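Quick mapping for you: the protein sequence lines, in order, are chains A and B.
Under the working numbering, think of the first position of the first sequence as 6, with each following residue one higher.
Under the working numbering, think of the first position of the second sequence as 239, with each following residue one higher.
Notes for the one structure printed next.
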Amino acid sequence: MARHPSWVTGPGPRRDPAATLTVGILWLLLALFVVYPLAALLARVLFDQGRFTPDGITGLLVDRNQIRAFVNSLLLGLGVGIGGTLVGLLFAFTAARARLNRTLLTLLDAAVLLPLVSPPFTSAIAMIFSFGPRGLITYDLLGLKGVTVYGVTSTLASEILTYFPIAYLTLRPLIAGIDSNIEGMALSLGASRWRVFRTVTLPLAIPGLANAFLLLFAASLADFATPLILAGNSFPVLPTQAYLQITGLFDLRGGAVLSFALLLPALAVFLLQRYWVSRRYYTTVTGKGAGQAPFDSIAPGVRAVLLAACALVALIVLYFYALLLYASLVVALGANHAFTLAHYRVIFTDGAKAIVDTLIIAGIAMPLGGLYGVLVGYFVTRKRFPGQRTMEMTSMLDYALPGTIVGIAYLIAFNTPPVQITGTALIIIACYIFRYGPTGIRTTVALLQQIDRSLEEASNGLGAGSGTTFRRVTLPLILPAFFAALGVVFIRSMTAISATIFLVSVGWTLITVKILQDMTELALGPAAAFSVLVVAIVFVMIAVIGQVLNLFRAQGAPRMTSMLGG
Amino acid sequence: MGAVAQSAIAVEVDGVSKRFSHRVKGDVYAARNVRFTAAPGEFVTLLGPSGCGKTTTLRMIAGFEQPDEGRIRFGNDDVTHVPANRRGIGFVFQNYALFPHLSVFDNVAYGLEVRGEPARDVAARVGDVLALVGLTGYEHQFSAQLSGGEQQRVALARAIVIHPRVLLFDEPLSNLDAKLRVQMRTDIRELQRRLAITTVYVTHDQEEAMAVSDRIVVMNQGTIVQEGTAEDLYHRPASEFVATFVGRVNLVPGTVVEADGDGATIAALGTTFRARARGALQVGDGAKLVLRPEAIEVVRGADGLAARVVTRTFLGEKVEYQLACGDTSLQAIRPSSAGGEAIGVGDPVALHFADETLVALPASDR
């Protein structure tokens, strides 16, 4: 025996000071950067000049323009929810049941990945390039003159193309997880394939469909960039109205009231999704599926139709991105198609500050957001402390709420003392950490639920304290979640706009904001070049994170389901 | 093994209780006033059906759970409030709980490194203990690459390499197939004897318990119902629960016709039996007669208690009979013999009982 045994006996302190301190710090941060801004927003809506007054809300109820924006937002969300869920279902069902070979599956996934990692308005820009007054399709191909692309149709189409991947990612594991023996059973009982789909597959997928619908509804409700570019004056929605109220009319309170109107449906969807739909998954569905289908669940003819439909959507997506690349390389799309690198020269000279600022901010937010996500995820699943569930709820707030609300809340809260950080990089970094760090919380929680508690107890029993156990056992096992969170925070930091548009300043600006400015100034070439740059950076980042995750997978750590999960 | 284990210590579980609140039933005791002592170097098994509180008790000994009442002592040390990582235990989990991100070597070395042992000692001791469990050459494998039996051995090596004061096993063999289970339990028993570490072992398998233990503590519904050697429990069950849980049994209802110091005469099956009495038996009371299947001799002829063969199952080294004795159905097990005329289904037979094996229990006892 090399040394005296370390099991010094006698009653010792049961409390864990390091854990208590961490919980305290997390609460402090959540209070400052999540609760306080939202409270400040509510206060701005409910109080005027220090006195309680409901006129902010009553004013909303009588203003026909604002009511129209409210109704429009809901209608758009409904359309995107239904349309996006259908397209997502098409892709998910085809991927899970049409027996695609690897190449086809990879192509399908690539088409889906593109919109998911791009700035949210790239398809909107491509839409204008295609269907605008001098659009490649409307003007050059069809010879139409004086058409307008702006309005509800293009907004709807653009948002569906942007957000259907969310539905796909939600539905595909669900459909793949349905034991195909159940379908085979129905078929053996004499049902036709269509009947099997209608009476077995679809009903089992209904909770997933509802979930996908709500996620898309929320995404559309929160989308700011697409309507700003495409909706035009004829179709006002809440996020754009709030933005115009603040940047156009400098009416902070009016913007706050509008974002409050946005808060209600967003909160309703969040609660519905969290407490109703997510508990209605059928247990048979969550079990392990029977790898290979014992029969062809799709008739050959139908398979061809499904594949063709998927190919069409995929082609549109690819065409949009090709068009973006093309537009960044010609003098002026629609007018002068001579090759030029001028737009790239512009973004690397005039736009250099935005690029550097974005990279600095993303670079700082990335590790902090990842750390925050892993810590909160670990504490809410593995430690017992008062207010645990409240902490989890609170941490998800900024993630679940539309960016417009978060942005305006930050603007109101941090514009004045005690914490005056408007105009600094800090406010944007904080926004990214608390808005996108929660993806790290979710992946950490999901991973920890796969890791049996006995692993930590084994370490504990072998003599390691809670700190050593976390460092040497838990942390290595949840590292994939950490890296996934790093990736998500970085990607979102590169592509986000809805919240940060309110937080940029002369001192600190962002690529996405610059793209929006270029769009409004009709500098379409530089806008396209910026977009291509962002997509390129994001893809490099995804490749790097993917490699790192593969490294961990090789060592037998639990698999990550999807690094973009949520 | 390089170093010899320090002298073994007793584990004393002193009136320990663990409550939890149930949504419907209110406060429920997972363990209630559990009291037993494992002597230094002794192998004690907690045996009982699922939910009887045996695992809860074990986890309280380990320090993974805090008892609501009672004390736990290792030797002279009261460890009731000592955290698990400072108790000096070796714990083997049902699912092995191997660290999936660490190699076999690093898994086994973990406890030594946590204790700050110098790297050279660590390597030597891990090598020794891997040799001891027959896993030399597996150092660089990961748990996902090992078979169930190999994982079990790594878990065992990881638990003993730190020279624990107490070895704790939580149903360690339940994830193995039947053959491997028998092999592993022999190995565990032999290892424990060599290391002379006081051991508490949890299982629901009575055969496993009898095979490995010095002493068995039978638990039911959170409390201890009987403790003793395997022979004690089998031949002298204190209750119907123990009689039926440990081994196979015929429980024949009867009436007490005579009761004295340590025996009783029971009227049952139309005859009388002389049996050892457990519990208070009064003349005229109902009683249950514990008849082990192997204590019933089945012979041809009419000299004995008459019965009829209902089924006969040949199992190689033994033959099982299902017998009808009046209205009562009895099981009997006889060693099979190559010679002689086999007794067939429907044959009338005579039964003989080895009186010294019979036990009488009060009828109401459960």
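Note that the Cβ used here is the ideal one computed from N, Cα and C, for glycine as well.
What you are looking at is a predicted structure, and each value in this text was computed from that prediction instead of being measured.
For residue 466/B, list the residues DSSP reports as bridge partners.
DSSP, once it has assigned bridges, lists 454/B as partnering residue 466/B.
Out of 278/A, 183/A, 386/A, which has the shortest C-alpha to C-alpha gap to residue 207/A?
Sorting 278/A, 183/A, 386/A by C-alpha distance to the C-alpha of residue 207/A places 183/A at the top.
Taking residue 401/A as the reference, give the member of 442/A, 417/A, 366/A with the closest Cα.
Taking each of 442/A, 417/A, 366/A in turn and checking the Cα distance to residue 401/A, the smallest one comes out for 442/A.
Taking all protein chains shown into account, decide if residue 530/B is buried (16 or more other Cβ within 10 angstroms of its Cβ) or exposed.
If you draw a 10 Å sphere on the C-beta of residue 530/B, you find 16 or more other C-beta atoms in it, and that means buried.
Please classify residue 512/A: does DSSP put it in a helix, a strand, or coil?
Shown here, residue 512/A sits in coil according to DSSP, grouped into three states, outside any helix or strand.
For residue 396/A, tell me which candidate among 22/A, 439/A, 127/A, 176/A has the shortest Cα-Cα distance.
Out of 22/A, 439/A, 127/A, 176/A, the CA that lies nearest to the CA of residue 396/A is found in 439/A.
Would a check of beta-carbon distances place residue 288/A closer than 8 Å to chain B?
Caution applies to residue 288/A, whose pLDDT of 43 falls short of 50 and renders its modelled position unreliable; the model cannot decide the point.
I'd like to know whether the C-beta atoms of residue 554/A and residue 488/A end up nearer to each other than 8 Å.
Against a cut-off of 8 Å, the Cβ pair of residue 488/A and residue 554/A comes out as a contact.
Hey, which unbroken runs of the alpha helix (DSSP H) at 4 residues or more fall wholly within the stretch 196-242 of chain A?
Every unbroken stretch of the alpha helix (DSSP H) spanning 4 or more residues and falling wholly within the stretch 196-242 of chain A is given here in chain order: 198-201, 207-227, 230-235.
I need the boundaries of the alpha helix (DSSP H) containing residue 344/B, first residue and last residue.
Per DSSP, residue 344/B is one residue of the alpha helix (DSSP H) stretching across 342-352.
Along the chain, where does the beta strand (DSSP E) that runs through residue 275/B open and close?
According to the DSSP assignment, residue 275/B belongs to the beta strand (DSSP E) that extends over 264-276.
Chain-ordered chain A contacts of residue 396/B [CB-CB under 9 Å]
Near residue 396/B (Cβ distances below 9 Å), the residues of chain A are 463, 467.
Locate the alpha helix (DSSP H) running through residue 265/A, then write down its first and last residues.
Per DSSP, residue 265/A belongs to the alpha helix (DSSP H) from 257-280.
Could you check what DSSP says for residue 342/A in three-state terms: helix, strand or coil?
Strand at residue 342/A.
From residue 426/B to residue 213/A, what does the alpha carbon distance come to, in whole angstroms?
Rounded to whole angstroms, residue 426/B to residue 213/A spans 49 Å at the Cα level.
Does residue 571/B come within less than 8 Å of chain A when only Cβ atoms are used?
Judged by the 8 Å Cβ criterion, residue 571/B is not in contact with chain A.
Please name the residue, chosen from 461/B, 304/B, 399/B, 484/B, that lies closest to residue 445/B on a Cα-to-Cα basis.
When only C-alpha atoms are compared, the closest one is 484/B.
Which listed residue (339/A, 325/A, 99/A) has its alpha carbon closest to that of residue 540/A
The candidate whose alpha carbon is nearest that of residue 540/A is 325/A.
Quick check on residue 358/A: does DSSP put it in helix, strand or coil?
Under the three-state reduction of DSSP output, residue 358/A falls in the helix class.
Less than 7 Å between the CB of residue 318/A and some heavy atom of the ligand MN, yes or no?
Ligands in the displayed structure: none, and consequently the ligand MN is not present.
What span of residues does the alpha helix (DSSP H) with residue 72/A cover, start to end?
Start and end: 69-102.
Does residue 598/B pass the burial test, meaning 16 or more other C-beta atoms within 10 Å, or should it be called exposed?
Here residue 598/B is buried: its Cβ has 16 or more other Cβ atoms, across all protein chains shown, within 10 Å.
In three-state terms, what does DSSP make of residue 561/B?
Residue 561/B: strand per DSSP, three-state reduction.
Given this structure, state the Cα-to-Cα distance separating residue 585/B from residue 287/B, to the nearest angstrom.
If you draw a straight line from the Cα of residue 585/B to the Cα of residue 287/B, it comes to about 38 Å.
In chain A, what lies closer than 7 Å to residue 376/B by C-beta?
Within 7 Å Cβ-Cβ: nothing; residue 376/B doesn't reach chain A, min ~15 Å.
Along chain B, in chain order, which residues have C-beta atoms closer than 8 Å to that of residue 59/A?
Against chain B, the beta carbon of residue 59/A has no neighbour under 8 Å; the closest one sits roughly 42 Å away.
So, is the C-beta of residue 253/B closer than 8 Å to a C-beta in chain A?
Residue 253/B does not count as touching chain A.
8 Å Cβ cutoff met for residue 578/A and residue 525/A
Here chain A comprises residues numbered 6 to 571, so residue 578/A is not present and cannot be evaluated.
Close beta carbons around residue 503/B, own chain, < 6 Å, minus the five adjacent residues each side
Same-chain partners within the cutoff: 495, 496, 510, 512.
Step through the CB atoms of chain B and report whether any lies within less than 8 Å of the CB of residue 485/A.
No, no contact with chain B.
With H, G and I counted as helix, E and B as strand and the rest as coil, what does DSSP make of residue 535/B?
Strand.
When DSSP labels each residue in this structure, what does residue 445/B get in the three-state scheme?
The three-state secondary structure of residue 445/B, taken from DSSP, is helix.
Check whether the stretch 490-497 of chain A touches the stretch 340-352 of chain B, taking contact to mean three or more Cβ pairs, one atom from each stretch, closer than 8 Å.
Counting C-beta pairs with one atom in each stretch, the stretch 490-497 of chain A and the stretch 340-352 of chain B have fewer than three that are closer than 8 Å, which means they do not touch.
For residue 493/B, the three-state DSSP class (helix, strand or coil)
Residue 493/B: strand per DSSP, three-state reduction.
Cutoff 8 Å; reference residue 432/A; Cβ partners in own chain excluding five residues on either side
Cβ contact annotation for residue 432/A (same chain, cutoff 8 Å, sequence separation greater than five): 415, 419, 426, 508, in chain order.
Of all the options 541/B, 528/B, 554/B, 574/B, which has the alpha carbon lying nearest to the alpha carbon of residue 594/B?
For the options 541/B, 528/B, 554/B, 574/B, the alpha carbon positioned closest to that of residue 594/B is the one of 528/B.
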